[in-house]
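Asks: The structure follows.
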Amino acid sequence: MPRPLVATIYLAAMRHNLARAKALVPTAKVWAVVKAYAYGHGLAQAVQGFAAADGLALIELEGASRLRELGWKKPILLLEGIFEPADLQQVFAQNLDIVVHSEQQITWLEQAANSLPINLPTPLRIHLKMNSGMNRLGFMPAMYASAYARLRALPNVAAIVLMTHFANADQARPKGLSVAEQMQRFAMGAEGLAGEYSFSNSSATLHHAQIGPQYEEHWIRPGIMLYGGMSGQSSAAGAGLLPAMSLHSELIGIQEIAAGEAVGYAGRFIAKQPMRIGIVACGYADGYPRHAPDGTPILVDGIRTRLTGQVSMDMITVDLSTIPQARLGSQVTLWGEGLPIDEVAHAAGTIAYELMCALAARVRVVVEP
Ligand SMILES: *Cc1c(COP(=O)(O)O)cnc(C)c1O
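Be aware that the sequence shown starts at 81, since it is given in this note's numbering, and climbs by one per residue.
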C-alpha cells in the first residue's frame with residue numbers, strides 16, 4: 081500500500097480562479113503563470129486547468145518544451161528570456177515569446193540575426209522589460225527607448241510588448257515604491273513607444289485592477305491567485321478564489337503520554353498534562369515546512385488542532401486532546417479545503433508560494449476534474 085499522503089489538484093478550482101482573474105480585468109489578455117512546475121501543481125494540470133488562458137508564462141525552457149509536448153498550441157512566454165544564445169534555437173523551433181531584460185540579450189539577438197541567411201526564421205514576439213523600481217531585472221527608464229529601438233531594427237520582430245513588474249502591489253503602505261510611483265517611472269520611460277502592455281501579477285490584478293484598462297491592449301500575469309493563494313495579508317476566499325491543491329494524509333500512530341514527556345526531536349514540545357499525540361505521515365521531505373512552530377494549524381477528522389513538536393523528515397506530531405474520536409487512519413488535512421494554505425504558511429513564517437512549490441516529487445498526486 082502506498083503512503084497515505086496525497087496532494088489533490090482540483091482542475092475546476094484552477095478554471096474558476098482563472099475566470100475570476102479575467103472577470104477582474106475583462107479587457108486584459110491573460111498569461112497564466114506556470115513557472116516552478118505550475119507552482120507545484122504540475123504542467124499537465126496547468127494545460128487543462130488554464131485552457132482558457134491566452135498564453136502560459138514560465139521561466140524554464142524544458143518546461144516550455146513539455147507544454148508543447150502536452151499539446152499547448154497558444155503562446156508561451158519565457159519570463160526571463162534566454163540564458164545563452166543557443167536557447168534561441170528552441171525559441172524559434174517552438175515558437176516561444178521571450179522577455180528581453182538586458183543589453184546582453186539584445187546583442188545575442190543581433191548576432192543571431194546577422195548570422196542567419198535570411199532574417200530570424202520565425203516572427204519573434206518580445207516582452208521588453210523595464211526596471212521601474214523593483215531593481216531586479218530590466219532596463220532603467222532612461223535606457224528603455226534605446227533598447228526598444230535596437231529591437232525594432234532587427235528583422236522579423238513581430239511585436240514588442242512593453243512590460244514591467246511591481247514590487248509592492250500587495251502592500252497598503254509599502255516601504256518601497258507604490259504601484260502608482262512605479263507606473264509614473266514606466267510612463268516616462270515608455271513614452272511614445274508603440275506596443276501592447278503587460279503589468280499586473282496577482283496582487284496588482286486583485287488590488288489595482290484599474291491600471292491596465294487605461295491601455296488599449298494589455299496583458300495581466302497572474303500566478304498565485306490562480307492556485308488559490310495570496311501574497312500579502314488578505315484572504316483568498318474573501319477574493320472569491322478556491323484552493324487548487326489540498327494536502328491530505330492519515331494518522332499512522334497514536335501515543336498516550338504522561339505530563340512532562342517530550343515529543344519528537346530536541347524535545348521542543350513538552351506535555352503539561354497527560355496527552356494523546358497523533359503521528360501524521362507527512363514531513364519536511366514531502367514539502368511540509370520544517371520551521372513550522374508548535375501551534376501551526378492542522379485538521380484531524382475535519383477538526384482544527386495544532387502541531388506539537390519538531391517537524392521530522394517523514395512525520396509530524398499533533399495534539400489529539402480535543403479530538404477523542406481520532407484513531408489510526410483518521411483523515412488529516414495539512415492544507416486545502418477547510419484550512420487555507422495561506423494560514424499554514426503564515427504560521428510557519430513563509431508564504432503559500434513556497435509551500436506549493438516545495439511539494440516533493442515523492443508525494444502522490446491525484447487530479448480531480
Ligand atoms: C512569477 C511572476 C508573476 C506571477 O506572480 P504572482 O505573484 O504569483 O501572481 C508575474 N510576472 C512575473 C514576471 C513573474 O516572474
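Backbone N, C-alpha and C fix where the C-beta goes; we use that ideal spot for every residue, glycine too.
Which residue or residues does DSSP assign as beta-bridge partners of S278?
Replies: M243 and W299
Asks: Provide the residue(s) that pair with F349 in DSSP beta bridges, ordered along the chain.
Replies: V343, per the DSSP bridge assignment.
Asks: When the Cα of N178 is compared with those of A192, L208, G333 and A126, which residue comes out closest?
Replies: It is worth fixing the name first, because residue 178 is Ile in this sequence and not Asn. Of the listed residues, the one whose Cα sits closest to I178 is L208.
Asks: Which first and last residues belong to the alpha helix (DSSP H) in which W188 is found?
Replies: First-last of the alpha helix (DSSP H) with W188: E183 to S195.
Asks: In the DSSP assignment, the alpha helix (DSSP H) including A260 goes from what residue to what residue?
Replies: V259 to G269
Asks: Measure the Cβ-Cβ separation of A361 and P84 and say whether it is below 8 Å.
Replies: yes
Asks: For A144, I'd like the list of residues in its chain whose CB is within less than 8 Å of its CB, leaving aside the five on either flank, ordered along the chain.
Replies: L138, I156, L158, Q170, Q174 and L176
Asks: If V412 and H328 are in contact, beta carbons under 8 Å, what's the gap, nearest whole angstrom?
Replies: 7 Å
Asks: With respect to the alpha helix (DSSP H) encompassing S226, which residues constitute its N-terminal and C-terminal limits?
Replies: P221 to R232
Asks: Taking the continuous beta strand (DSSP E) assigned at I337, which residues delimit it?
Replies: M325 to I337
Asks: Anyone know if the C-beta pair for V127 and L147 falls short of 8 Å?
Replies: yes
Asks: Do L435 and P354 come within 8 Å of each other at the CB atom, strictly closer than that value?
Replies: no
Asks: Relative to ligand 1, is the shortest distance from any of its heavy atoms to the C-beta of I206 smaller than 7 Å?
Replies: Incorrect: I206 has no Cβ contact closer than 7 Å to ligand 1.
Asks: Does the Cβ of M210 lie closer than 7 Å to at least one heavy atom of ligand 1?
Replies: no
Asks: Inspect the beta-carbon positions of V424 and P373 and report whether they are closer than 8 Å.
Replies: no
Asks: Would you kindly check if the distance between the Cβ of Q294 and the Cβ of A346 is under 8 Å?
Replies: Note that the C-beta distance between A346 and Q294 is not below 8 Å.
Asks: So what does DSSP say about A87, is it helix, strand or coil?
Replies: strand
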